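Counting in the numbering used here, the sequence shown runs from 1 upward without gaps.
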Amino acid sequence: MDRFQRDLKEKDFIFTFELVPGRSIRTQQFSAILKFIEKAPEYEYFSAFSITDNAGGHPALSPVALGRVIKSLGLSAIIHLTCKDKNRNQLESELLALDRENLHNLLVLTGDYPFYGYLGRAKPVFDLDSVLLLRLITEMEKGVEIPKGAPGGGNRLPPIPFFKGCAVSPFKLTIEELWWQYLKLYRKLKAGARFIITQVGFSPFTLYQLKLILNDGLTKYFSERLNDESFHKPEEDSQFKKVPILPSILYLQEPSIKALLRGRVPGILLGRRVWKRFKEVGFSEEMALEVCAKLTVIYQRMGFKGVHLCGFPPNWDLLKRFFELYHRISQEIINKEETYYELLTEFDDYIVYEDNGELIEKNLANIDKPLPKKSFSFSYSINNFFHKLFFSRKSPLYSTLLKFFTWITKKRSVEKFFSTLEYAIKRPLFYCQECGDCTLWDFNYICPQSQCAKYILNGACGGSINSFCEVYPYKKVCLYVRVLRQGDPKETIKRYLAKDPPYLPPRDWSLYRTSSWINFYLKRGHFKHEN
1 MDRFQRDLKE KDFIFTFELV PGRSIRTQQF SAILKFIEKA PEYEYFSAFS
51 ITDNAGGHPA LSPVALGRVI KSLGLSAIIH LTCKDKNRNQ LESELLALDR
101 ENLHNLLVLT GDYPFYGYLG RAKPVFDLDS VLLLRLITEM EKGVEIPKGA
151 PGGGNRLPPI PFFKGCAVSP FKLTIEELWW QYLKLYRKLK AGARFIITQV
201 GFSPFTLYQL KLILNDGLTK YFSERLNDES FHKPEEDSQF KKVPILPSIL
251 YLQEPSIKAL LRGRVPGILL GRRVWKRFKE VGFSEEMALE VCAKLTVIYQ
301 RMGFKGVHLC GFPPNWDLLK RFFELYHRIS QEIINKEETY YELLTEFDDY
351 IVYEDNGELI EKNLANIDKP LPKKSFSFSY SINNFFHKLF FSRKSPLYST
401 LLKFFTWITK KRSVEKFFST LEYAIKRPLF YCQECGDCTL WDFNYICPQS
451 QCAKYILNGA CGGSINSFCE VYPYKKVCLY VRVLRQGDPK ETIKRYLAKD
501 PPYLPPRDWS LYRTSSWINF YLKRGHFKHE N
């Protein structure tokens with residue numbers, strides 16, 4: 001069995017280490033990474049080494065290349081697999097290549113929005129989101145059945161033993177952002193995620209709350225908050241509570257502290273007390289190591305399965321100092337119980353960031369706080385009225401309209417006119433992108449194809465800050481925050497949880513610039529998956 005998988009089962013507490021390959025293999029940075037990996041068997045500190053996939057949205061060496069080196073040394077690799085640069089076919093090809101290399105441990109992520117690239121910013125792909133990619137991998141674990149229309153159709157491919165995990169980012173400033181992290185985590189776990197590596201954060205209490213909710217029952221929590229027992233599924237809760245959680249711990253350096261303060265690292269917020277300590281005494285390696293060691297001890301005491309170390313230089317001398325400090329603090333807690341509570345006082349639920357040059361201190365959102373109240377929107381009410389009248393299968397007009405739209409498809413010129421008419425109406429109202437696979441109702445009549453930079457269909461990414469999109473910080477509010485603020489938040493959440501199947505399928509590109517009204521009635525695109 002792979003060491004990472006074995007250690008998750010057998011050890012009480014494990015360590016994993018994140019490697020960030022650069023843009024070239026002909027640099028001192030890459031040589032340092034190779035030397036670092038080659039010495040890893042001597043130290044036995046880490047259960048696995050994870051390798052990022054174009055971190056920060058910048059081009060870099062594929063994680064497969066380093067993964068192959070790690071595997072050849074008898075070590076475990078975790079390959080970061082993101083959705084930002086590849087469509088669904090290329091992702092499947094990548095997964096087949098990973099199977100060929102015997103690299104089966106995966107951390108599945110939506111991915112950072114692309115930034116610098118050859119002759120300008122690269123095109124963002126995001127054909128799938130992390131929930132859909134997890135589902136694809138689950139299908140490959142069972143053995144994909146090839147569609148009948150494709151070459152080799154009807155045959156089932158051999159199963160592949162992937163071991164996939166997901167991320168969650170509970171360090172959010174608004175209740176809407178935080179709810180989406182929990183809701184999307186639910187879909188990720190339903191999609192087959194078998195371990196969780198969290199986003200970096202400096203509030204152990206926020207992470208502990210996530211752990212408590214999973215231990216007590218995620219669907220139980222949803223049912224209690226929504227006052228609806230039908231959402232409580234004990235069999236799912238018993239499965240989810242077994243999923244190990246590894247909090248990420250960031251080794252802070254002066255440049256990274258400045259970047260975090262300015263909100264330049266999507267989804268990562270700098271803890272207030274941590275920042276104040278660095279401000280008071282100045283940056284030092286010793287203090288950076290101390291923050292990491294103390295957080296590690298706290299997370300171990302809280303019962304997490306391990307920690308994921310990020311941002312560390314590939315330097316074994318530095319890591320030896322970290323582990324010595326970690327063991328010393330652990331021993332102090334064993335000798336004196338009060339030491340643990342003293343450690344906790346060095347962290348709190350407040351973060352700091354700069355907004356137009358002004359330093360802001362703000363409390364992290366608490367999932368237990370009330371959801372926003374139901375808001376009235378004239379446009380939402382009108383859209384909802386027409387949707388229920390014309391695009392509900394329970395509408396009294398449904399059978400008549402089904403006959404009408406079926407007739408239209410037999411008249412090509414009429415169908416073309418109808419498509420033109422539909423988009424003439426929807427383009428100015430919803431910034432419609434003419435996808436033909438319309439999901440407006442699922443998003444309270446806000447188009448995800450035009451209003452989400454990543455076109456995500458199954459829950460917000462982790463990159464938002466204070467309700468704003470990571471791609472347009474302080475300019476554009478995250479689509480998913482807007483969705484919860486429009487209409488009744490509880491009803492929106494109920495609809496999300498009740499979705500059958502428990503995900504929104506990806507956009508069907510064969511329907512581009514066809515009428516989504518016709519496609520609804522003829523059950524094309526994602527409508528054919530409805531139960």
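All C-beta atoms in this analysis are idealised placements derived from N, C-alpha and C, irrespective of residue type, glycine included.
Since the structure is predicted, the reported quantities are computational estimates derived from the model, not experimental observations.
Around the beta-carbon of residue 424, fewer than 16 other beta-carbon atoms lie within 10 Å, marking it exposed. By the criterion of a C-beta distance shorter than 6 Å, residue 300 is surrounded in its chain by 13, once the five residues flanking it on both sides are discounted. In terms of Cα proximity to residue 120, the closest of 58, 395 and 79 is 58. Under DSSP, residue 361 shares a beta bridge with 352. Apart from sequence neighbours up to five positions away, the residues of its chain that approach residue 248 with a beta-carbon distance below 7 Å are 197, 198, 199, 200, 308 and 310, ordered along the chain.
By the C-beta density criterion, residue 484 is buried, having at least 16 other C-beta atoms within 10 angstroms.
Taking the Cα positions, residue 172 is about 33 Å away from residue 331.
CA-CA distance, residue 388 to residue 397, rounds to 10 Å.
Residue 204 holds the alpha-carbon nearest to the alpha-carbon of residue 341 among 49, 480, 188 and 204. Counting of Cβ neighbours within 10 angstroms places residue 294 among the buried residues, the total reaching 16 or more. Contact between the region 476 to 495 and the region 449 to 466 is present, with at least three C-beta pairs closer than 8 Å. The shortest CA-to-CA distance from residue 292 to any of 409, 315 and 250 is the one to 250.
Per DSSP, the unbroken alpha helix (DSSP H) holding residue 215 starts and ends at 204 to 216. Here residue 521 has 402 and 405 as same chain residues with Cβ atoms under 6 Å from its own Cβ, once five neighbours each way along the sequence are excluded. Our two residues, residue 114 and residue 380, have alpha carbons roughly 33 Å apart in a direct line. Exclusion of the five residues before and after residue 256 leaves 250, 265 and 311 as the residues of its chain whose Cβ lies within less than 8 Å of its Cβ.
As a beta-bridge residue in DSSP terms, residue 48 pairs with 16.
Separation of the CB atoms of residue 32 and residue 49 is rounded to 14 Å, and the pair is thereby denied contact status at 8 Å. For residue 77, the uninterrupted beta strand (DSSP E) segment begins and ends at 77 to 82. In this structure, the alpha-carbon of residue 296 lies about 36 Å from that of residue 489. Fewer than three beta-carbon pairs drawn from the region 205 to 216 and the region 153 to 160 are found closer than 8 Å, and the two stretches are therefore not classed as touching. In this structure, residue 346 places its C-beta atom within 9 Å of the C-beta atom of residue 274. Distances from the CA of residue 317 to each of 42, 349 and 141 were compared; the closest alpha carbon is that of 42. Burial is judged here by how many other beta carbons sit within 10 angstroms of a residue's own beta carbon; residue 285 has fewer than 16 and is exposed. Residue pairing from DSSP leaves residue 6 without any beta-bridge partner. Bounds of any beta strand (DSSP E) do not take in residue 298; it lies within the alpha helix (DSSP H) bounded by 285 to 301.
Within its own chain, the residues whose Cβ lies closer than 6 Å to the Cβ of residue 513, once the five positions on either side in sequence are excluded, are 434, listed in chain order.
DSSP places residue 241 outside any alpha helix (DSSP H), giving it a letter other than H or E. Secondary-structure assignment with DSSP links residue 145 through a beta bridge to 156. For residue 67, the enclosing alpha helix (DSSP H) has its first and last residue at 63 to 72. The Cβ atoms of residue 442 and residue 504 lie closer than 9 Å to each other.
Annotation: the continuous beta strand (DSSP E) that includes residue 199 extends over 196 to 200. Beta bridge pairing from DSSP links residue 164 with 106.
Cβ-Cβ distances below 7 Å link residue 496 to 183 in the same chain, with the five nearest sequence neighbours on each side left out; the list follows chain order.
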